[in-house]
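In terms of the working numbering, the sequence shown opens at residue 4 and continues consecutively.
Quick reminder that beta carbons are idealized off the backbone N, C-alpha and C, glycines included.
Just below is one structure, and these are the notes that go with it.
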Amino acid sequence: MFQNDAFRALDRQESLRLLAKVPVGRVVYTRQALPAVLPVNFSLDTDASVLLRTSPDSDLVRAIDGVVVAFEADEFDAATRSGWSVVVTGRAAVVTDPAEHERLSQAGPASWMPLREAVFVRIESEMVTGRELRGTRGTQ
Numbered sequence: 004m005f006q007n008d009a010f011r012a013l014d015r016q017e018s019l020r021l022l023a024k025v026p027v028g029r030v031v032y033t034r035q036a037l038p039a040v041l042p043v044n045f046s047l048d049t050d051a052s053v054l055l056r057t058s059p060d061s062d063l064v065r066a067i068d069g070v071v072v073a074f075e076a077d078e079f080d081a082a083t084r085s086g087w088s089v090v091v092t093g094r095a096a097v098v099t100d101p102a103e104h105e106r107l108s109q110a111g112p113a114s115w116m117p118l119r120e121a122v123f124v125r126i127e128s129e130m131v132t133g134r135e136l137r138g139t140r141g142t143q
């Protein structure tokens, strides 16, 4: 990085704090040997894992259950040219424990789409990285 670089690395704690502030992120995974990105709403669990609620027969569940994925969320302000981005990398798994499923049904993320039946997917926060862009208003 250059001495006047406007980027700043965020530590794990700060990255998770920012991640908890936004409702939507993107799951990055492999679909038919190609990269795929899907916007999803989410929440963070008490152990800092990312939680998704989706349909049990969704293509996403079939593609990510049991594999390592990335999850990215961000927030930017175009007027001030500032913002942040956080990436969580870890293994994704469908929650199969009935007690855990019931807990998440009450306290986990709500789906933005109507679901007849729901499953929860947990993405472990094995690696968390974040970057902040400090405003550079008026510079080219």
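Here's the rule: buried if 16 or more other CB atoms are within 10 angstroms of the residue's CB, otherwise exposed. What is residue i?
i	result
T57	buried
V89	buried
S52	buried
G3	For the chain, the structure presents residues 4 to 143; residue 3 sits outside this window and is missing.
G133	buried
V147	The first residue shown for the chain is 4 and the last is 143, placing residue 147 beyond what the model contains.
F123	buried
F79	exposed
F2	In the structure as shown, the chain begins at 4 and stops at 143. Residue 2 is therefore absent and cannot be evaluated.
Can you tell me whether residue i is helix, strand or coil according to DSSP?
i	result
L47	strand
V64	helix
Q6	Low per-residue confidence applies at Q6: pLDDT is 47, beneath 50, and the placement is therefore not dependable enough to give any value.
R56	strand
E105	helix
Would residue i and residue j qualify as a contact pair, given that the criterion is a beta-carbon distance under 8 angstroms?
i	j	result
A76	G138	no
A81	L47	no
Which residue or residues does DSSP assign as beta-bridge partners of residue i?
i	result
A95	I126
- Message: Three Cβ pairs or more, each shorter than 8 angstroms: is that satisfied between the region 10 to 23 and the region 120 to 132?
- Response: yes
- For the region 96 to 104 and the region 33 to 47, state whether three or more C-beta atom pairs, one from each stretch, are separated by less than 8 angstroms. no
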